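Peer 1: Using our numbering, you'd call the opening residue of the sequence shown number 4 and step up by one each time. After the structure tokens below, expect a handful of questions from me.
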Amino acid sequence: MENRRKVILITDGDEYAKRAVEMVAKEVGGRCISTSFGNPSHHSGKEILSLIKQAKNDPVLVMFDDSGFVGEGTGERALKYIATHPDLEVLGVIAVASRTRREEWTKIDVSIDQDGELTPYGVDKYGIPEMELGRVNGDTVYVLDELNLPLVVGIGDIGKMGKKDSYEKGAPITRKAVEYILERSGFYEQQD
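Written out as structure tokens, the structure is:
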């Protein structure tokens with residue numbers, strides 16, 4: 004299907020994430036499904052799909068959040084539905100680190116630390132590199148390893164990271180993660 008909507012999935016959906024993702028989506032010429040925010044997510048995959056199809060521009064940034072619940076929660080069920088839908092092309096996923104009690108984690112291709120540097124190590128919620136290569140701990144990442152995703156980028160807590168990713172500063176780490184996914188996916192070349 005040639006006209007598939009191009010989406011970036013984001014495993015965070017609190018108020019800080021919403022403000023940062025809305026701003027970054029606008030800056031890159033895309034759209035954010037603002038109503039996909041929630042801690043935890045409130046919409047089903049089918050509801051989110053309908054909103055994605057109504058968005059005016061690609062890329063469409065979509066937030067999913069499980070609010071720290073262990074196992075596959077509402078946010079992850081919706082993410083799984085969106086990630087596997089044939090009408091959509093997932094350009095990449097931003098896997099957001101958090102402090103989880105039972106340490107759910109996922110494999111990542113790369114992380115972006117709190118200073119905007121690429122690293123092969125996972126990062127914590129503050130965007131500080133950890134000791135483990137290629138994995139990040141988070142509360143809405145349980146299903147990512149089950150899916151055939153093109154690129155998974157780990158970052159700290161969106162809109163926060165000790166104020167280094169704050170909305171007031173332009174959410175530079177979130178923006179870099181989105182731009183990295185757009186560049187690596189070939190999104191810009193497809194727009195020419």
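C-beta: ideal position from N, C-alpha, C; glycine also. For clarity, every value in this text was computed on a predicted model and none was experimentally measured.
1. For ILE111, which three-state DSSP category applies?
2. Closest to VAL126 by C-alpha separation, out of VAL96, ARG187, ILE158 and HIS46, would be which residue?
3. Who does PRO132 pair with in a DSSP beta bridge?
4. Is the CB-CB distance between ILE13 and VAL93 below 8 Å?
5. Which same chain residues, not among the five before or five after LYS21, have their C-beta less than 6 Å away from its C-beta?
6. With 16 as the cutoff for other CB atoms within 10 Å, does ASN6 come out buried or exposed?
7. Can you tell me which of the three DSSP states ILE13 falls into?
8. Determine the burial state of TYR191: buried for a count of at least 16 other Cβ atoms within 10 Å of its Cβ, exposed for fewer.
Peer 2: Taking the geometry as given:
1. coil
2. ILE158
3. PRO132 has VAL126 as its beta-bridge partners, per DSSP.
4. No, these two residues do not count as a Cβ contact at 8 Å.
5. PHE40
6. Classification of ASN6: exposed, given that the 10 Å Cβ count is below 16.
7. strand
8. exposed
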